[in-house]
Structures are given as C-alpha cells and as structure tokens.
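Novice: Chains as they are written, first to last, in our numbering: chain S, 201 to 314; chain V, 201 to 314. Glycine residues also receive a C-beta, built at the ideal position from the N, C-alpha and C atoms. What you are looking at is a predicted structure, and each value in this text was computed from that prediction instead of being measured.
Number of protein chains: 2
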Amino acid sequence: MAISMTVRAGNIFADVSAGSRAEEAVSEIVARPRLRIERIVSQGQASPPGFWFDQAWNEWVIVLKGSATLQFEDEPGTRALDAGDYVFIPARKRHRVGWTDPQQPTVWLAVHFE
Amino acid sequence: MAISMTVRAGNIFADVSAGSRAEEAVSEIVARPRLRIERIVSQGQASPPGFWFDQAWNEWVIVLKGSATLQFEDEPGTRALDAGDYVFIPARKRHRVGWTDPQQPTVWLAVHFE
C-alpha cells in the first residue's frame, strides 16, 4: 500500500468572511474513521431554542477567535468562551451553543473522536 | 461502567510564561489510547542539528501564537508557520523544528493520532 507523504497545510483564519452569514461554515480539515478535525466559523448563530447536541462521540473544542457561549443541560449557567478557551465535551453530554458574537466571526476548532 | 460527565476546560494561552526557558513546555490536554492533544510552548528552541522526528503516528499541528519553522527531510526549503498556520504530518514523514521565535512564546497545539 502506498502511503501518501503529502503534507496538507493551511491557515485556520483563511477566508473567514467578515460579513454575517445565514449558516455556520464548517470545513473538514482531517477526516479519519475515528477522528475528525474541523473548523467552524459562526457569526451570530446559536443552537435552536430547546435543541441539545447529544453526540455518540467525544468532542474537544476551542475558540480561536471571537466569542461564544456554551450551555450544558446539567449545568444551571452558561459558559463564556473567548479566544483560547477550550472545553472537552464527553460523548452523551448534552450541550448547545447559546450565543456567538454577531459583530465578528467566531472561529472554532473542533476535534471529534471516539 | 460509570461514564465521567466532567467537563474539563481551560485556556490554551494560560500560564505561557513571557521568559525564555531551557526546554519546551509540553502539557497534555487529552490523552486516549489512539489520540493525544497537547500544548507545546517554545521560545527559541529547535530540534538538534541533524535530528529528525520519525513518528509511528500522524500529527496535525497548528501554531496559535508566535512563529516557527518546520523542515521536512524530503523538501529542500523550510516552512514558516505563523499564528493560525497548520500542517498535517503523516506518520513516518521525517521532520524537525528548524526555529522558534526567541523573543516571544510560540504556542503550538498538536493532535497526535493513529
């Protein structure tokens, strides 16, 4: 089996449009059977009211630019995330995005894994 | 089996000392059998001359602050990495850190995986 020696490279802040958009923009950076690394760019979006992510996999997520809030169903408050803030979300931990800054793009890096 | 529902959180830029240090500071953020996420803080360090990392696992690495250069044995030049620049390094791709900024901490986020 030939092993690819290609080095894929880029900048996580590239093509982050300044304008608000209707939907979050998700870009896959690494995709493996048990691992997915993706960039998510939000600007003003949030999870729908009453909606909770309930994932079968673990997620480690970091905000690299902008700001957002995360909510966990079993926590009374909200977690504010600014640049550099990361959270490990175990599988089945119900969570939602409460808010993302409408004034600037928020760039998330998410690592999904089994 | 009890599943931990603890959310581990932090800031990737926390406790990044401004002073130069003798060695790189490596902090493990996520450690699983097939996945390791770590923060590396460099300030002026580089791989020893002639030394090449030759890893049995894949690595996806991003510079979040500062600047550095990476070299690959099969490439003539050097790759400059500034904030936001990322590189996927397949297993067995021989590489080394050519330089890290001696004037400021360089913060790397590395995801090692099978």
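May I have the straight-line CA-CA distance separating E275(S) from G298(V), to the nearest angstrom?
Specialist: Rounded to whole angstroms, E275(S) to G298(V) spans 45 Å at the Cα level.
Novice: With DSSP collapsed to three states, give me the class of D285(S).
Specialist: Correct three-state label for D285(S): strand.
Novice: Quick one: what does DSSP say F313(S) is sitting in, helix, strand or coil?
Specialist: The answer is strand: DSSP assigns F313(S) an E or B state.
Novice: Using a Cβ-Cβ cut-off of less than 7 Å, give me the residues of the segment 240 to 260 of chain V that come near chain S, in sequence order.
Specialist: Hits within the stretch, in order: W260.
Novice: Would a C-beta distance cut-off of 9 Å place R239(V) and S227(V) closer than the cut-off?
Specialist: Yes, they are a contact pair.
Novice: At 8 Å on the CB atoms, spell out the chain V contacts of A209(S), in chain order.
Specialist: Simply R279, D285, Y286, V287, F288.
Novice: With DSSP run on the structure shown, which of helix, strand or coil describes R232(V)?
Specialist: Three-state DSSP puts R232(V) in a strand.
Novice: Let me confirm a value: S217(S) is counted as buried when at least 16 other C-beta atoms fall within 10 Å, else exposed. Which label applies?
Specialist: S217(S) is exposed by the Cβ-count criterion.
Novice: Can you check whether the CB of I289(S) is closer than 9 Å to the CB of W260(S)?
Specialist: Closer than 9 Å, so yes.
Novice: For the structure I just gave you, are there three or more beta carbon pairs, one from the segment 304 to 312 of chain V and one from the segment 241 to 255 of chain V, closer than 8 Å?
Specialist: Counting Cβ pairs under 8 Å, three or more are found: they touch.
Novice: Could you check whether the Cβ of L235(V) sits closer than 8 Å to any heavy atom belonging to the ligand GDP?
Specialist: Of the ligands one can find in the structure shown there are none, so the ligand GDP has no counterpart to examine.
Novice: If you drop the 5 nearest sequence neighbours on each side, which residues of the same chain put their C-beta closer than 7 Å to that of F313(V)?
Specialist: Counting only Cβ-Cβ distances below 7 Å, and skipping sequence neighbours, we find R234, L235, W257, N258.
Novice: Could you tell me whether the Cβ of P302(S) comes closer than 9 Å to any Cβ of chain V?
Specialist: Cβ-Cβ to chain V under 9 Å: no for P302(S).
Novice: Strictly below 7 Å CB to CB, what residues from chain V border V297(S)?
Specialist: Going along chain V, no residue has its Cβ under 7 Å from V297(S), so there is no contact; the nearest lies around 15 Å.
Novice: For R232(V), which residues in chain S fall below 9 Å Cβ to Cβ?
Specialist: Under the 9 Å cutoff, chain S gives N258, F313, E314.
Novice: Sorted by chain position, which residues of the same chain lie with C-beta nearer than 8 Å to G284(V)'s C-beta, five sequence neighbours on each side aside?
Specialist: Result list for G284(V): I262, V263, L264, in chain order.
Novice: Specify the secondary structure class of E259(S) as computed by DSSP and reduced to three states.
Specialist: Looking at E259(S) - three-state DSSP - the assignment turns out to be strand.
Novice: Once DSSP output is grouped into helix, strand and coil, what is the label at E223(S)?
Specialist: Coil at E223(S), not helix or strand.
Novice: Go to V216(V), then tell me how far its beta strand (DSSP E) extends in each direction, as first and last residue.
Specialist: V216(V) -> no beta strand (DSSP E), and no H or E assigned at all.
Novice: Counting contacts by CB-CB distance shorter than 9 Å, is A214(V) in contact with chain A?
Specialist: Protein chains S and V are contained in the structure displayed, whereas chain A is not.
Novice: Which same chain residues, not among the five before or five after D282(V), have their C-beta less than 7 Å away from its C-beta?
Specialist: Closer than 7 Å at Cβ, skipping near neighbours: V263, S267.
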